[in-house]
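In the numbering used here, the protein residues as written are 418 to 611.
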């Protein structure tokens, strides 16, 4: 079921690129260029969505958001990792978004060994280039509550320093829950799906 994960990622990209508070609530500590790799959406769709967010928030139309629309970027393979390194070297982004993980990972999501290798690669380049890495991932099937681990290996849940979970309750309300490895807990945010 669609919960707005891509919209949330784009909202974050606009905040990081502009310095405007994330969701109008949370201060952005580091601003800069954002790279978005989203093979499920066409460049024009991503641009249209970013345009909607920018207009709704009265922000400058020109932000440093780079849309990477090449194909075949797999985070668990040497070729994909080379692309990520080259992009980091060339653009030096503050945030790099991969949406969704299922289209950026060539192996099986429940293969903990391959997920761990991918996670270690992302953590390594994030430290080296001082760039936040955002993985957008589908939730596991569940009856209620929040699932920060997502589908597949538990290594995914262990990877994130900050995890956001988007869920719908009775198809009426969207709930955004937060989990942080360090720092204070943040209460969930609710909005009518209307």
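Glycine included, each C-beta is placed from N, C-alpha and C at the ideal position.
- Taking residue 493 as the centre and dropping the five residues before and after it, the same chain places the C-beta of 522, 523, 524, 531 and 535 closer than 6 Å to its C-beta, in chain order.
- A direct Cα-Cα distance of roughly 29 Å separates residue 526 from residue 507.
- The segment 473-553 is shown to contain whole beta strand (DSSP E) runs of 3 or more residues at 482-485, 512-515 and 549-552, in chain order.
- Its Cα nearest to that of residue 424, the residue 469 stands out among 459, 469, 594 and 436.
- Ranked by how close their Cα comes to the Cα of residue 606, the residues 594, 426 and 599 have 594 in first place.
- Non-local beta-carbon contacts of residue 427 in its own chain, meaning distances under 8 Å to residues more than five positions away in sequence, involve 453, 463, 466, 467 and 470 in chain order.
- Contact between residue 515 and residue 552 holds, since their C-beta atoms are separated by about 5 Å, short of 8 Å.
- With contacts defined as CB atoms closer than 9 Å, residue 488 and residue 456 qualify as a contacting pair.
- Counting the other CB atoms within 10 Å of its CB gives residue 586 a total below 16, which places it among the exposed residues.
- If you draw a straight line from the Cα of residue 433 to the Cα of residue 449, it is about 6 Å long.
- For residue 608, the closest C-alpha among the options 600, 421 and 590 is that of 590.
- The straight-line gap separating the alpha-carbon atoms of residue 539 and residue 588 is approximately 34 Å.
- Runs of the beta strand (DSSP E) lying entirely within the segment 434-479 and spanning at least 3 residues, in chain order: 451-454.
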